[in-house]
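Protein chains in written order, with the working numbering: chain U, 8 to 470; chain A, 8 to 470. Step one of this worksheet: look at the structure below.
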């Protein structure tokens with residue numbers, strides 16, 4: 008008979024009452040006496056298990072009773088409602104087939120394991136409750152992002168991963184090469200001869216798709232990227248990975264206010280969509296990972312995000328009487344402690360801080376009239392701090408070129424970026440959302456390594 | 008007043024009849040006399056332009072009349088139906104603002120440009136009709152793929168881009184490193200000291216997410232990847248790029264027949280979704296790029312895909328009397344000419360060829376009983392040839408290990424992949440779809456460089 012998935016049984020239980028169904032999945036637990044036994048079966052389609060009841064009249068009762076955890080089986084049986092039990096229904100097995108016996112040294116036994124240990128078995132950890140929940144939410148949140156932008160007519164752009172442009176942050180980039188490292192070709196000065204490399208020049212892994220994204224915004228008006236980005240930062244923190252995914256929308260005919268509006272709408276959309284489509288997973292996180300999670304997310308969804316200028320924010324911090332590790336004064340880059348104070352203690356809701364000093368922000372951000380600040384806006388959320396960084400882009404060719412000169416950037420490297428300002432410049436804006444950042448926020452997981460299927464960090468490229 | 012996008016005017020024209028609307032966009036053409044003029048305006052939200060009629064009573068009539076192509080403007084005006092004209096409506100301008108004057112040397116003038124030339128201005132080509140259509144279809148097709156899998160409960164997995172595993176095809180991989188190429192650290196034997204590299208070992212860009220994907224399929228049952236993959240192949244063809252996007256679904260409790268069913272359903276879903284959601288673009292492709300396109304796609308959507316074993320396919324080719332450049336006999340890898348003969352001349356519809364000789368297929372494909380073939384299936388489509396390659400995976404640990412030994416693969420490198428076969432193995436299958444391959448098929452574009460926003464090929468990493 009045709010198989011069915013556990014999710015469907017949970018979603019349409021009544022339809023299947025008293026029916027024969029066929030399930031396949033992996034054994035999470037087995038308990039058995041001489042007469043009957045119970046198996047908690049999970050097939051990956053749903054967070055919850057199904058309870059299978061089996062009796063000793065089964066031909067293979069003995070083997071079934073002793074199944075090692077994580078063995079795969081198929082079950083044919085009758086669905087019976089169990090209104091007096093914790094679970095809403097169970098399956099009375101009529102026939103059970105062992106598909107694949109697990110070995111008794113299966114590393115994910117029922118006891119609790121540390122997250123650190125689970126990272127060493129990244130190929131098996133999605134079979135645990137925690138990571139089953141995390142990675143299903145990752146998938147659902149990714150889809151929510153596509154859905155949000157597609158429904159608003161944004162065009163999805165795959166900006167390049169390998170880049171020949173020596174953009175900002177070059178020192179922290181990964182080199183991509185096909186040169187034989189044992190035998191690097193050099194020119195007469197003894198310098199690497201990059202003309203011999205695959206692309207005929209030095210290439211790196213991208214740190215941002217924004218500059219490429221702008222070219223598409225100036226054709227399609229509203230676009231977004233969603234792809235992997237890379238930082239070769241040698242930092243071993245719970246918040247940094249060498250490989251992570253970013254979402255970078257870019258909108259023509261949109262100023263900083265429009266930018267903040269889209270960012271706010273997007274964050275609320277993602278949270279709502281995940282709460283609606285992964286209620287079991289979210290309940291699990293609230294119960295076992297982060298008790299304040301649901302309250303915090305509900306609060307975010309129902310708040311109107313605050314907006315405060317950097318200058319005002321600094322004044323608030325200076326006057327608040329709080330002792331910070333990093334002293335506050337106008338011109339500093341806000342640290343996580345400052346960001347969290349503002350959003351958690353002072354405003355008690357998500358806030359955009361806008362108009363940052365130009366010296367701590369990137370060259371492409373639009374200069375304000377005051378000569379000191381740029382039209383940048385970061386979104387700070389309670390519990391995390393910065394989650395989104397955005398800005399209006401400098402669309403005025405002369406102002407942009409002057410700023411690049413000031414910073415010593417080589418304008419020839421950016422010829423195509425500058426040409427956008429020659430052929431139909433418009434006010435335009437965009438922002439970047441670190442996908443793992445919002446996943447940590449959604450799940451309460453506190454280490455970025457635990458929201459990435461196979462994390463890459465300094466010294467770690469396993470699997 | 009609040010702006011509106013052109014797409015909305017086309018989709019709900021009647022609602023706006025006689026209304027004042029505000030549009031912003033880029034000028035595609037201007038024609039003007041002393042008394043009045045016409046502008047074709049495009050705002051990127053829609054394939055088609057809007058005709059703006061403006062008269063000499065406008066304050067800035069003279070400047071507007073002489074606007075260089077690609078200048079950006081904002082227009083306030085009344086929408087009037089024009090039942091006797093080619094276009095369904097036009098905007099009678101009441102007020103026009105020049106946002107950004109384009110320069111007169113704008114490279115995309117109205118005359119037709121070669122695709123080769125347009126590649127050199129990849130930052131501007133999305134403003135042309137052809138690339139506006141191509142890249143909107145790219146976005147819509149990408150979304151169709153997510154929608155197809157998410158609606159079926161598949162979990163989206165981001166498999167790693169940087170990989171430390173020295174998997175198949177290692178010779179054609181890009182090296183990723185933070186070592187200083189001018190000063191490579193070497194050990195006492197004079198060999199690169201990879202322990203000094205960022206990850207403490209040699210790492211490359213991924214060629215496939217499949218092996219990682221399998222680990223998730225054995226937890227979530229049905230999963231898919233959709234991400235960039237890389238080949239450092241030094242081949243300069245119209246079908247190969249160094250960086251491209253792949254979709255790799257993987258399904259537990261699914262055999263080769265299930266695999267083919269999902270692949271067929273997916274291809275039909277993508278085509279239907281794009282035809283429904285990009286009708287203007289598809290009409291453009293049929294008119295200007297590939298006259299047989301719509302007929303071919305409709306035929307695919309309405310055919311039941313054929314299924315033929317490799318052995319039967321070879322017999323057909325041997326008996327057909329066709330002269331092939333590459334002679335046919337059992338054991339060869341089918342060439343594009345063979346694939347196209349089968350699907351275009353013989354079957355006249357898409358076909359799966361299954362059960363290929365094991366010696367031309369990968370180590371992980373499931374061995375058939377005959378000892379000579381593996382449970383692999385490729386989908387061939389008219390006009391292109393192979394578009395999907397899939398297989399049932401070898402789930403039997405001993406058979407898999409024996410095959411790896413036979414091929415001289417180092418089993419330790421695959422320890423986690425092999426462990427999947429120890430802890431609850433199941434029948435499972437998957438396939439890979441090259442995203443650009445299907446885009447070429449959908450649009451009729453014949454060079455892969457023209458369906459990738461910023462293509463990376465041998466010697467080319469511009470933008």
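C-beta: ideal position from N, C-alpha, C; glycine also.
Rounded straight-line distance, which links the Cα of residue j to that of residue i
i, j, result
"residue 224(A)", "residue 354(A)", "34 Å"
"residue 279(U)", "residue 140(U)", "17 Å"
"residue 455(A)", "residue 36(U)", "50 Å"
"residue 330(U)", "residue 322(U)", "14 Å"
"residue 310(A)", "residue 357(A)", "8 Å"
"residue 188(A)", "residue 210(U)", "12 Å"
"residue 266(U)", "residue 30(A)", "19 Å"
"residue 17(U)", "residue 368(A)", "40 Å"
"residue 440(U)", "residue 235(U)", "12 Å"
"residue 251(U)", "residue 442(U)", "7 Å"
"residue 395(U)", "residue 131(A)", "28 Å"
"residue 177(U)", "residue 434(A)", "With a pLDDT of 49 at residue 177(U), under the threshold of 50, the modelled position of that residue is not reliable, and the figure given next carries that caveat. Those two C-alpha atoms are separated by around 46 Å."
"residue 124(U)", "residue 207(A)", "20 Å"
"residue 468(A)", "residue 205(U)", "9 Å"
"residue 304(U)", "residue 137(U)", "19 Å"
"residue 47(U)", "residue 153(U)", "35 Å"
Beta bridge counterpart(s) of residue i as assigned by DSSP
i, result
"residue 423(A)", "DSSP output for residue 423(A) lists no bridge partner at all."
"residue 53(A)", "Paired residue(s): none; residue 53(A) is not in a bridge."
"residue 397(A)", "384(A), 438(A)"
"residue 229(A)", "258(A)"
"residue 33(U)", "49(U), 79(U)"
"residue 182(U)", "211(U), 184(A)"
"residue 66(A)", "For residue 66(A), which the question treats as bridged, DSSP gives no partner whatsoever."
"residue 102(A)", "83(A)"
"residue 88(A)", "96(A)"
Identity of the residue in the options nearest residue i by Cα
i, options, result
"residue 274(U)", "252(U), 308(U), 256(U)", "308(U)"
"residue 449(U)", "417(U), 464(U), 391(U), 423(U)", "391(U)"
"residue 271(A)", "384(A), 87(A), 50(A)", "384(A)"
"residue 24(A)", "95(A), 255(A), 109(A)", "95(A)"
"residue 70(A)", "43(A), 408(A), 55(A)", "43(A)"
"residue 197(U)", "459(A), 191(A), 195(A)", "191(A)"
"residue 459(A)", "283(U), 166(U), 227(U), 368(U)", "166(U)"
"residue 33(U)", "77(U), 162(U), 45(U)", "77(U)"
"residue 90(A)", "21(A), 120(A), 75(A), 68(A)", "21(A)"
"residue 133(U)", "445(U), 50(U), 389(U)", "50(U)"
"residue 39(A)", "73(A), 56(A), 11(A)", "73(A)"
"residue 11(U)", "431(U), 116(U), 53(U), 45(U)", "53(U)"
"residue 462(U)", "381(U), 238(U), 351(U)", "238(U)"
"residue 312(U)", "389(U), 185(U), 289(U)", "389(U)"
Chain-ordered chain A contacts of residue i [CB-CB under 9 Å]
i, result
"residue 359(U)", "Within 9 Å Cβ-Cβ: nothing; residue 359(U) doesn't reach chain A, min ~21 Å."
"residue 215(U)", "Neighbours of residue 215(U) on chain A: none; closest Cβ ~14 Å, over 9 Å."
Listed by chain order, chain U residues near residue i by CB distance under 9 Å
i, result
"residue 415(A)", "Result: empty, since nearest Cβ-Cβ is about 22 Å, beyond 9 Å."
Interface residues of chain U facing residue i [CB-CB closer than 7 Å]
i, result
"residue 345(A)", "Residues of chain U passing the Cβ test: none, with the nearest at roughly 31 Å."
"residue 171(A)", "468, 469"
Proximal chain A residues relative to residue i, where beta-carbon distance stays under 7 Å
i, result
"residue 79(U)", "431, 432, 433"
"residue 14(U)", "160"
"residue 157(U)", "150"
Chain-ordered neighbours of residue i on chain D, where CB pairs are closer than 7 Å
i, result
"residue 130(U)", "Here the protein chains are U and A, and chain D is not one of them."
Amino acids of chain A, ordered along the chain, whose beta-carbon sits closer than 8 Å to that of residue i
i, result
"residue 163(U)", "145, 146, 149, 150"
For this session: Give the residues from the segment 233 to 258 of chain U that approach chain A closer than 8 Å (Cβ to any Cβ), ordered along the chain.
Result: Flagged, chain order: 234, 235, 237, 239, 241, 249, 250, 252.
Against chain U, which members of the segment 44 to 61 of chain A pass a CB distance test of less than 7 Å? Correct list: 50, 51, 52.
Looking at chain U, which residues of the segment 433 to 446 of chain A have a Cβ within less than 8 Å of any of its Cβ atoms? Answer set for the segment 433 to 446 of chain A: 433, 434.
Q | Cβ-based contacts, 8 Å cut-off: residues of the segment 256 to 281 of chain A near chain U | A | In summary, the residues of the segment 256 to 281 of chain A whose CB is separated from some CB of chain U by less than 8 Å are 259, 260, in the order they occur in the chain.
(request) Anything in the segment 101 to 131 of chain U with a Cβ closer than 9 Å to a Cβ of chain A? List those residues in chain order, please. (result) Against chain A - using a Cβ distance shorter than 9 Å - the residues of the segment 101 to 131 of chain U are 106, 107, 108, 109, 110, 112, 113, 114, 115, 128, 129, 130, 131.
Checklist line | Members of the segment 133 to 152 of chain U that neighbour chain A once the beta carbon cut-off is set at 7 Å | finding: Hits within the stretch, in order: 133, 134, 139, 142, 143, 146, 149, 150.
**Prompt:** Closer than 8 Å, Cβ to any Cβ of chain U: which residues of the segment 395 to 406 of chain A, in chain order?
**Reply:** Here the close residues are 402.
The segment 364 to 395 of chain U: positions lying closer than 9 Å to chain A by Cβ: Residues of the segment 364 to 395 of chain U whose Cβ lies closer than 9 Å to any Cβ of chain A: none.
Compile a chain-ordered list of the residues in the segment 188 to 209 of chain U whose CB is closer than 7 Å to at least one CB of chain A.
Going along the segment 188 to 209 of chain U in chain order, one finds 188, 189, 191, 198, 199, 205, 206, 207, 208 with a Cβ nearer than 7 Å to chain A.
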